[in-house]
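Colleague:
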Amino acid sequence: MTTAASETDTGAVRSLIPFRMDRLPWSRFHWMVVVGLGVSWILDGLEIQLVSNAGFQDSLGMSAKEVGLAGTIYLIGQVVGALTFGRLTDTWGRKKLFIITLAIYLIGSGVAGLAWTPWFLYVWRFVAGLGIGGEYTAINSAIDELIPAKYRGRVDIAINGTYWAGALLGAFASFWLLDTDHVAENVGWRIAFFIGPVMGLVIIWLRRHIPESPRWMVTHGQGDEAEKIVDDIEASVQAQGRELSPVDESKAMLIKAKESIPFKDLMHVFVKKYPSRTVLGLTMMITQSFLYNAIFFTYALVLQNFYGLDKSAAAIYFIPFAIGNLAGPLLLGHLFDTIGRRKMIFATYTIAGAVLLVSAFLFKAGSLNATTHTIFWCVSFFFASAGASSAYLTVSEIFPLEVRGQAISYFFAIAQVFGALGPVLFGSFIPEDGKERNPLFWGYVGASAIMLIGGLVAVKIGVDAEGKGLEDIADPLSKVSEDPPLEPARA
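Sequential numbering of the sequence shown, starting at 1, is according to the UniProt record's numbering.
1. For the alpha helix (DSSP H) containing leucine 266, name the first residue and the last one.
2. So, proline 148 versus aspartate 231, is the Cβ gap smaller than 8 angstroms?
3. Looking at arginine 207: is its Cβ nearer than 8 angstroms to the Cβ of isoleucine 339?
4. In chain order, what residues of the same chain have a beta carbon less than 6 angstroms from the beta carbon of serine 385, not counting five sequence neighbours either side?
5. On the CB-based measure, 16 or more other CB atoms within 10 Å of its CB, does methionine 267 come out buried or exposed?
6. Measure the C-alpha to C-alpha separation of alanine 465 and alanine 300 and round it to an integer number of angstroms.
7. Any idea which residues DSSP pairs methionine 62 with across the strands?
8. Which word fits glutamine 238, buried or exposed, when buried means at least 16 other C-beta atoms lie within 10 angstroms of its C-beta?
9. Let's see if you can read the secondary structure: which residues bound the alpha helix (DSSP H) around leucine 330?
10. Scan the segment 137 to 211 and note each continuous alpha helix (DSSP H) run of 4 residues or more that stays entirely inside, going in chain order.
11. In this structure, how does DSSP classify lysine 468 when only helix, strand and coil are distinguished?
12. Just mark histidine 209 as buried or exposed, buried being the case when its beta carbon has 16 or more other beta carbons within 10 Å.
13. Exposed or buried, what is proline 197 when buried is set at 16 or more other beta-carbons lying within 10 Å of its beta-carbon?
14. Report, in whole angstroms, the separation of the C-beta atoms of isoleucine 408 and asparagine 186, which I expect to be a contact under 8 angstroms.
15. For isoleucine 295, name the three-state secondary structure that DSSP assigns.
16. Can you have a look at methionine 184 and say buried or exposed, based on whether 16 or more other CB atoms are within 10 angstroms of its CB?
17. By the DSSP assignment, the beta strand (DSSP E) with arginine 342 in it spans what residues?
18. Could you tell me which residues DSSP pairs with lysine 479 in its beta bridges?
19. Could you tell me the distance, in whole angstroms, from the CA atom of lysine 95 to the CA atom of arginine 215?
20. By alpha-carbon positions, which one of Leu357, Leu60, Ile255 and Ser236 ends up nearest to leucine 24?
21. Does DSSP put phenylalanine 56 in a helix, in a strand, or in coil?
22. Compare the Cα-Cα distances from leucine 456 to each of Trp92, Lys343, Val271 and Asn305 and report the closest residue.
23. For glycine 387, tell me which candidate among Leu75, Ile351 and Thr372 has the shortest Cα-Cα distance.
24. Between which two residues does the alpha helix (DSSP H) holding tyrosine 444 run?
25. Can you tell me whether DSSP reads glutamate 234 as helix, strand or coil?
26. Cutting at 6 angstroms between CB atoms, please list the residues of its own chain near isoleucine 42, excluding the five before and the five after it.
27. Going along the chain, which residues of its own chain have a beta-carbon closer than 7 angstroms to the beta-carbon of isoleucine 195, five neighbours each way excluded?
28. Among Tyr410, Gly405, Gly38 and Gln406, which one has its Cα closest to the Cα of valine 202?
29. If you drop the 5 nearest sequence neighbours on each side, which residues of the same chain put their C-beta closer than 8 angstroms to that of proline 400?
30. Does the segment 297 to 312 touch the segment 110 to 126, meaning 3 or more C-beta pairs lie closer than 8 angstroms?
31. Is the beta carbon of threonine 101 closer than 8 angstroms to that of glutamate 135?
32. Between leucine 177 and alanine 171, what straight-line distance do the alpha-carbon atoms span, to the nearest angstrom?
33. What is the DSSP secondary structure of glutamate 135, reduced to helix, strand or coil?
34. Identify which residue in Leu106, His30 and Arg277 has its Cα closest to the Cα of isoleucine 461.
35. Could you give the residue range of the alpha helix (DSSP H) that holds arginine 404?
36. Alpha carbon to alpha carbon, what distance is there between threonine 219 and aspartate 265?
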């Protein structure tokens with residue numbers, strides 16, 4: 001156990017907490033963090049899949065356009081939630097927000113299952129979106145600050161990739177619950193909407209045992225409490241028979257607490273201090289969002305209009321597509337910690353774009369069928385999914401701790417705006433008779449080029465963050481220099 005952080009005459013605190021958190025071996029504490037915080041993306045995938053299956057359409061007398069509006073309202077809620085709770089995550093703390101945002105989601109999704117009219121559904125879908133949008137900022141911030149540096153990449157990427165586990169869960173749940181031979185039409189979709197809240201109730205209990213980020217606490221004047229939390233974590237690790245490496249006193253940082261960061265200082269960080277990192281984050285987030293939304297929301301139309309599948313058959317093809325998306329982050333995530341961030345981001349983005357480009361030419365030539373086209377999508381998105389998850393990791397780790405939540409929220413919101421253009425644009429490329437292939441061919445070519453650009457930007461201006469502590473990647477804004485002030489020159 002180390003001694004508590006010492007306070008200087010200036011009110012700054014000398015702390016070893018970042019080093020102590022990063023030197024921890026993997027333990028039960030880290031599994032608790034992964035399980036307790038990692039459920040957010042599963043819930044989002046579940047929600048999107050349930051809405052896309054539109055089991056409530058007939059019960060509530062909704063048109064196809066109104067069903068689409070329900071999905072749009074949920075996404076708008078995500079953006080508003082991210083922007084609202086992103087700043088609160090940086091000012092109130094990670095733990096308060098990952099409890100509050102999950103509670104908001106539980107209420108929003110659960111009440112939506114009681115809807116009797118479209119407007120009621122819209123209101124509570126927006127509330128559920130608020131919660132999930134806020135989850136993104138609080139969860140990614142907390143995970144990166146609680147997981148040791150050498151594991152951070154694989155853990156963050158794997159957790160972000162579990163969106164597709166939620167989508168698979170939603171698909172299987174819908175397959176059974178929306179089958180009127182098993183469950184009444186007006187009941188099945190309501191039960192489906194309660195799946196997420198039931199999962200969330202279990203997780204919210206687990207989250208009560210996850211501590212506040214000690215890193216955040218030190219920068220907000222709670223150094224003693226932060227030291228106690230780290231002492232307890234170290235004691236639990238040693239109780240499991242694990243040894244801790246000696247503390248390197250030279251790794252201590254001098255921190256002077258700041259309760260909040262003015263907006264002008266935030267913009268200074270993005271525009272003046274780290275302009276290339278801002279370009280990097282925006283490029284990665286926008287490119288992956290556009291590709292995913294463009295393909296994901298139109299793949300069923302492609303299968304139906306070009307290959308003659310009916311809706312139920314097209315839904316079956318979603319399963320291998322989702323499995324490929326889930327497998328990519330799980331199998332490739334550790335390489336972002338070993339081979340490195342820039343190399344792996346470049347590889348995943350460019351391979352995904354190249355495979356999609358090959359499929360575009362084969363599609364134009366009429367050489368594909370529903371199965372082979374889906375195989376190309378699976379291969380492309382095996383890599384794209386890992387790359388997309390690394391975009392969230394990148395934005396979370398390359399900016400100072402005090403603005404981490406806001407960085408995630410702003411970049412996420414901007415990416416969602418651009419991503420929303422994908423389904424509209426690609427949907428316009430798909431004719432109902434499935435004869436004219438040129439527009440969609442050029443759409444695929446454009447999406448491939450966008451991914452290739454994202455990979456090139458990452459390899460050119462990316463940050464080699466693998467194995468590094470967050471404070472080594474970007475100094476906290478509350479860090480102060482230990483050098484004594486210079487004496488004024490003598491006349």
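Glycine included, C-beta positions come from ideal geometry on N, C-alpha and C.
Small disclaimer: the values here were computed from a predicted structure and weren't measured.
Modeller: Inspection of the coordinates gives the following:
1. 263 to 267
2. no
3. no
4. Gly161, Asn325, Gly328 and Pro329
5. exposed
6. 38 angstroms
7. BP columns for methionine 62 are empty, so no partner.
8. exposed
9. 318 to 332
10. 149 to 161, 163 to 177 and 185 to 207
11. coil
12. exposed
13. buried
14. Not really, about 39 angstroms apart at Cβ, beyond 8 angstroms.
15. helix
16. One point to set straight first is that residue 184 is alanine, not methionine, in the sequence displayed. The residue in question, alanine 184, is exposed, as its Cβ has fewer than 16 Cβ neighbours within 10 Å.
17. First-last for arginine 342: 341 to 364, but that is the alpha helix (DSSP H), not the beta strand (DSSP E).
18. Ile255
19. 12 angstroms
20. Ser236
21. coil
22. Lys343
23. Ile351
24. 438 to 461
25. helix
26. Thr162, Ala165 and Gly166
27. Leu46 and Ala173
28. Gly38
29. Val269, Ala474, Asp475, Pro476 and Leu477
30. no
31. yes
32. 10 angstroms
33. helix
34. Arg277
35. 404 to 419
36. 16 angstroms
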